[in-house]
Each structure stands twice: as structure tokens, then as C-alpha cells.
Amino acid sequence: MSKEPPKQSTYTRRDTTKYCRFHKENGHETSKCFQLRDHIETLIREGHLKDIVFKKTDRADGQKDSRQDGRARKLSPKKAEDEGAINTIFGGPATGKSNKERTQEIREAMEARRDLDVNSIEPDPKRIKEGWDPIVFTEADSHGVDVRPNDALVVSARIGHREVHRILIDNGSSADILSAEVYDQLRLDRKDLQPFPTPLRGFGGVEVRSLGTVKLPVKIGKAPCQKTVLLDFVVVDTENWPYNALLGRPFLNKAKAVTATYALLMKFPTEYGVGVVKGSQEMARRANLSVYKDREVRQAEVPKDFELDPKEGPEDREDEPTQEVALDPEDPGRTVKVGASLSVHVKTVLIALLRNYKDVFAWSYEDMLGVDPKVISHHLSTNPEFRPVVQKRRLFNPERSVAIKKEVEKLLSAGLIREVKYPEWVANVVLVKKKNKQWRMCVDFTDLNKACPKDSFPLPRIDQLVDATAGHELLSFMDAYSGYNQIRMNKADEEKTSFTTDQGLYCYKVMPFGLKNAGVTY
1091 MSKEPPKQST YTRRDTTKYC RFHKENGHET SKCFQLRDHI ETLIREGHLK
1141 DIVFKKTDRA DGQKDSRQDG RARKLSPKKA EDEGAINTIF GGPATGKSNK
1191 ERTQEIREAM EARRDLDVNS IEPDPKRIKE GWDPIVFTEA DSHGVDVRPN
1241 DALVVSARIG HREVHRILID NGSSADILSA EVYDQLRLDR KDLQPFPTPL
1291 RGFGGVEVRS LGTVKLPVKI GKAPCQKTVL LDFVVVDTEN WPYNALLGRP
1341 FLNKAKAVTA TYALLMKFPT EYGVGVVKGS QEMARRANLS VYKDREVRQA
1391 EVPKDFELDP KEGPEDREDE PTQEVALDPE DPGRTVKVGA SLSVHVKTVL
1441 IALLRNYKDV FAWSYEDMLG VDPKVISHHL STNPEFRPVV QKRRLFNPER
1491 SVAIKKEVEK LLSAGLIREV KYPEWVANVV LVKKKNKQWR MCVDFTDLNK
1541 ACPKDSFPLP RIDQLVDATA GHELLSFMDA YSGYNQIRMN KADEEKTSFT
1591 TDQGLYCYKV MPFGLKNAGV TY
């Protein structure tokens, strides 16, 4: 039945502290000998060890192989690879800090599985805890739960010294997450956060940078069946996140908790019996509703026909009857419009005033001198904790590519942009259809805006504007010609506005539309 073990290949560097009884040589331990495992598996397949090794289908009474009832079939490795896989949210302290550590964990898991399949016949007595009550779920646990909407398991728990509601229980997350808002409400100093450079990755590989990690106690359950565990929370400052915290696999493993999403219930063992935490359907639905409400608000803030220059065109409004007046007799093409219903005296005075200041009117980009940077320029106060983002260049069809090329050439000739090399921040351009069926080119500054704090400078309210104009006989309205483009970007922040096209990389020398605080500066 047995045969002489194969000799190992000779090499000079052997670990003399480890001995293999199968090879009868130094170099590795018997329990980690791959050739021994292969030999044992061969003996099992040949039937020599059938009296002492149970088949996998015999390990649990009553368990049926899914292949027998025809409801499922095992895919071959090639077939499974072709089918593909969808992964869950990943990241956090529980996954290690480097790819090397994660690779080592995969090797350990593979070795543990081999030990279980080949060597383990009975459960390890060291893993059996005395005094545990069985954790079971029955049909009665789901009474009063409306299972139709498939609500998430959202609970309340005590984090630190405060009761925190709207906590999502997520079996698929490898991190326990705490919102920055809750962290601040716990009156904790952000300087105490431990840096954690590895980003969290969600659906589609989207990265979320954390502010750091913090150890906090979490108490769940009701007395006397309560349990407190110490968790490493990853603190994130993410807009529009509907939950105050997320408890993932690290929490579930430490608390030895078991969830039943059908009953919106979580149970866990304690020294006084099984603890129970019920999920709140109201909190789950409020969180779900807030996500869709926020989506509607964001869609309303960016209309479909968004204009780079937001001033209204002649086709967008019905004006009063106007009269064109030439400001410069030597260039009759340069005209302005004044109200045709004005009295002769007012019209005469107004035209004289406009002709006297004809040099302040801009008829092209070349006429725009702009605001002196000594007066004002637009600064980007980017948070240094945010890593610069280089967006992957998007592909456009030929029609849109031609429109982008024309717009870039126009901006270059006007001196509003310049070519740039090796920028740290790179955004994509976005084309939107104007009402005249032409294309308008915008820049997607989403990532850059996330790194810039909101400037809460109070803009004038409509009632203040009405009060300021009350008592005046005439109101004059003038459109600023590309008003944003007359304000210079801070020289040090120009390259942060870089965008990519087929022609190359460019950045704005003037303040572009799409920046978070551009309206406040304007």
C-alpha cells in the first residue's frame, strides 16, 4: 500500500530546525509536506483508507448533494472562469495593509482547506466553546416583518458613549465604517485618527479614501444579554451616505453574530443566553428614500441643457421691444440694444452714456482684459489628505471629437487655456447639447470638488436685492461677457484644472465653470 517517499531535490539552504517524517529529511514540517498530502489523497482515491476517512457527503446526516436532485450542477474550472464573478465591498484593516500580506492569507486559507479535506475527521475540540446556547431562527422571528421590499438590516447600537441609530449590518463588507459626522458628534479629535493609506473599494472598483482609523467600543443587545466588542473603525467623509455607520465581517466575527435578513434579526451568544438585535424597517426605508431624494436634487442642479456660459440667449426669453444703437460710428457693426419704449430724454441720455464708455464693451475674447489678479484670483483650497485623481480618458464618437477639437482650438487662441505636462489632477470633458443643436464642452471636476471644502460665503438673497433697488426710477441690466473667464486662476492652482482630450492635456488659466466655489468667487 505504501511506497518509498520521493527524495527531495538537493539544495544547500535547508531549515535544519524542521523535520519531515515522510521524507526523513530536514527542510520542512511533516504537516506542511505537499507530497505527503498528494500521497494520502492517492490512497483515498484507490480505496485503501475507506475505513478511516469519511466522504464529504457523509460528514453531515441528511445533507444531499445538489448534483443528485438536478437543481444545481458543478461547473468545470474552465466553465467557472468563463462565467466570471462579482465581488463585494473590500478594504479596511481586516484585509491587511499590503498585497503581500493578502497573498499570504490566501496561501494560509488554501492550506487550512487542505488540512480540513485530508486530515480532519472530527471537529477540533479547541474550537468548541462550552456553555453556548444554540442559535436558531424560526418562522416566529419574522412575524411583523414586511418582507416584500427586501429591506436592509439597519439597527441601533451604542458606539463609544452615545447611542447611534441607522447602522447598516453588511455581511459582505470587510471593514467597519464610521461616518465623519458621527465621529465629530462623539466629540473626538480628528488628530487622534490613525492614518490608513489603503482605500476602500466598492462596487465597480470605486475607491473611497478614509480619514483614518479609530478604536471604539460597540455595545449591542439588551440587558442582560448584551455584548461589547472593540472595533477598528475606518472613518470616511462621504457625501450623501445615508448611514451613520456600517458593521461588516470584523464586527460579526468578533461578536460571533449570526444574521437573518428575512427576519431582519441578528443573534449572538452571551454568558446569559442568546442576545437579539432587531432591525428597524423604518430606518432602512428612510435611508433608502434619502438616497433617491438626493439623486433627484443632484439631477435638478445639473439640467440637461447645462450651458458653460449661463447667460440667457435671445431665443431663451421674450424681451421688450428694443432698438439697436451703434456705439462707434466708425464701426457700425458694434451695436447694443436699448428699450424702444423709453422716453426720448432718457434714451438720449442713456445712448450718450454708453458711447462715452464704449471701451468697456467686449466684442470678442481678445477684448477681455479680465480682472487684475492683484484684485482677485480663484484659489483651490484642496485638502492635502485627498490623493490626486487622474481620470481615465473617455472615448467619443467622431462628431463629438470634432466639437471638442474646435472648442479646444478656440480656447487656445483666446488664451484661456494652456498645454500642460505631467499634471497630478486630470479630468474628462463632457459634451452637452445646446438648444441650438450645437455642442457645449464642459469639464467633469467631480473628483477635484470632493477635495475642496465648501466656501460658505453668504450670497445675496432676493429680498436684499429688491430692497437695494427700491426707490430707483430706472434699472439697467447688463450681461457680463464670459464673466467667469475674466477672473484668473491662482497660478499655483492652474494645473489642478487639467483635462484630457485627443489633442493632449490642457489646464485653465482662467476660472472655469464646474468648480465648487467658482460662484462664490464670481
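In the numbering used here, each residue carries its 1-based index in the sequence shown increased by 1090.
Idealized CB from N, CA, C, for every residue including glycine.
{"Item": "How is the beta strand (DSSP E) around Phe-1124 delimited, first residue to last?", "Value": "Where Phe-1124 is concerned, there is no enclosing beta strand (DSSP E), although the alpha helix (DSSP H) it sits in stretches over 1124–1135."}
{"Item": "Pull up the distance between the alpha-carbon of Ala-1558 and that of Leu-1417, whole angstroms please.", "Value": "30 Å"}
{"Item": "In chain order, which continuous runs of the alpha helix (DSSP H) of length 4 or greater are located wholly inside the region 1447–1511?", "Value": "1488–1503"}
{"Item": "Where does Glu-1372 fall in DSSP's three states?", "Value": "helix"}
{"Item": "Compute the Euclidean distance between the alpha carbons of Gly-1250 and Lys-1606, then round it to the nearest angstrom.", "Value": "35 Å"}
{"Item": "Opposite Pro-1359 in the DSSP bridges: which residues?", "Value": "Val-1364"}
{"Item": "For the beta strand (DSSP E) that contains Pro-1340, what are its first and last residues?", "Value": "Premise fails: Pro-1340 lies in the alpha helix (DSSP H), 1339–1345, not in any beta strand (DSSP E)."}
{"Item": "Could you give the DSSP three-state label for Leu-1595: helix, strand or coil?", "Value": "strand"}
{"Item": "Following the continuous alpha helix (DSSP H) through Asp-1105, name the residue where it begins and the one where it ends.", "Value": "First-last for Asp-1105: undefined, no H or E at that position."}
{"Item": "Is there contact between the region 1317–1326 and the region 1222–1241, where contact requires at least three CB pairs shorter than 8 Å?", "Value": "no"}
{"Item": "Is the region 1349–1366 in contact with the region 1298–1307, if contact means three or more CB pairs nearer than 8 Å?", "Value": "no"}
{"Item": "Measuring alpha carbon to alpha carbon, tell me which residue in Leu-1565, Phe-1476, Pro-1239, Ala-1350 is nearest Thr-1288.", "Value": "Phe-1476"}
{"Item": "Quick one: what does DSSP say Gly-1250 is sitting in, helix, strand or coil?", "Value": "coil"}
{"Item": "Between the beta-carbon of Ile-1610 and the beta-carbon of Asp-1537, is there less than 8 Å?", "Value": "A small fix is needed here, since residue 1610 is Val in this sequence, not Ile. The answer is no: Cβ separation not under 8 Å."}
{"Item": "With Ile-1577 and Val-1461 assumed to form a contact (beta carbons below 8 Å), what rounded beta-carbon distance in angstroms separates them?", "Value": "5 Å"}
{"Item": "I need the DSSP call for Arg-1299, collapsed to helix, strand or coil.", "Value": "coil"}
{"Item": "Ordered along the chain, which non-local residues of its own chain (more than five positions away) have a Cβ less than 7 Å from that of Thr-1438?", "Value": "none"}
{"Item": "Nearest to Ser-1246 by CA position, among Leu-1133, Val-1556, Arg-1490, His-1255, is which residue?", "Value": "His-1255"}
{"Item": "Determine the direct distance from the alpha carbon of Asp-1128 to that of Phe-1535, and round the result to whole angstroms.", "Value": "57 Å"}
{"Item": "Is Asp-1236 near Gln-1371, with beta carbons less than 8 Å apart?", "Value": "yes"}
{"Item": "Would you report the Cα separation of Pro-1422 and Leu-1440, rounded to the nearest angstrom?", "Value": "18 Å"}
{"Item": "Would you mind working out which of Val-1324, Val-1426, Trp-1331, Asp-1327 sits nearest Tyr-1447, comparing C-alpha positions?", "Value": "Val-1426"}
{"Item": "For the alpha helix (DSSP H) that contains Lys-1540, what are its first and last residues?", "Value": "1536–1540"}
{"Item": "If you draw a straight line from the alpha carbon of Ile-1310 to that of Arg-1248, how long is it in whole angstroms?", "Value": "7 Å"}
{"Item": "Is the number of C-beta pairs between the region 1348–1355 and the region 1262–1281 that are closer than 8 Å three or more?", "Value": "no"}
{"Item": "Taking 8 Å as the threshold (C-beta atoms), are Leu-1595 and Glu-1514 in contact?", "Value": "no"}
{"Item": "What does the Cβ neighbour count give for Phe-1567, buried or exposed, with the cut at 16 atoms within 10 Å?", "Value": "exposed"}
{"Item": "If you reduce the DSSP assignment to three classes, tell me which class Val-1428 lands in.", "Value": "strand"}
{"Item": "Straight-line CA distance for Ile-1259 to Leu-1337?", "Value": "5 Å"}
{"Item": "Can you tell me whether Tyr-1333 is buried or exposed, with buried defined as 16 or more other CB within 10 angstroms of its CB?", "Value": "buried"}
{"Item": "Have a look at Pro-1463, Ile-1494, Asn-1518, Asn-1575 and flag the residue whose alpha-carbon is nearest the alpha-carbon of Leu-1506.", "Value": "Asn-1575"}
{"Item": "With DSSP run on the structure shown, which of helix, strand or coil describes Glu-1514?", "Value": "coil"}
{"Item": "Starting from the Cα of Val-1367, find the closest Cα among Ala-1345, Asn-1526, Thr-1120 and give me that residue.", "Value": "Ala-1345"}
{"Item": "Taking Asp-1266 as the reference, which of Pro-1602, Ala-1313, Phe-1323, Phe-1124 has the closest Cα?", "Value": "Phe-1323"}
{"Item": "Just verifying my parser: in three-state terms, what is the DSSP assignment at Thr-1328?", "Value": "coil"}
{"Item": "Let me check understanding here. Comparing Cα to Cα, which of Asp-1592, Val-1436, Ser-1264, Arg-1445 lies closest to Leu-1342?", "Value": "Ser-1264"}
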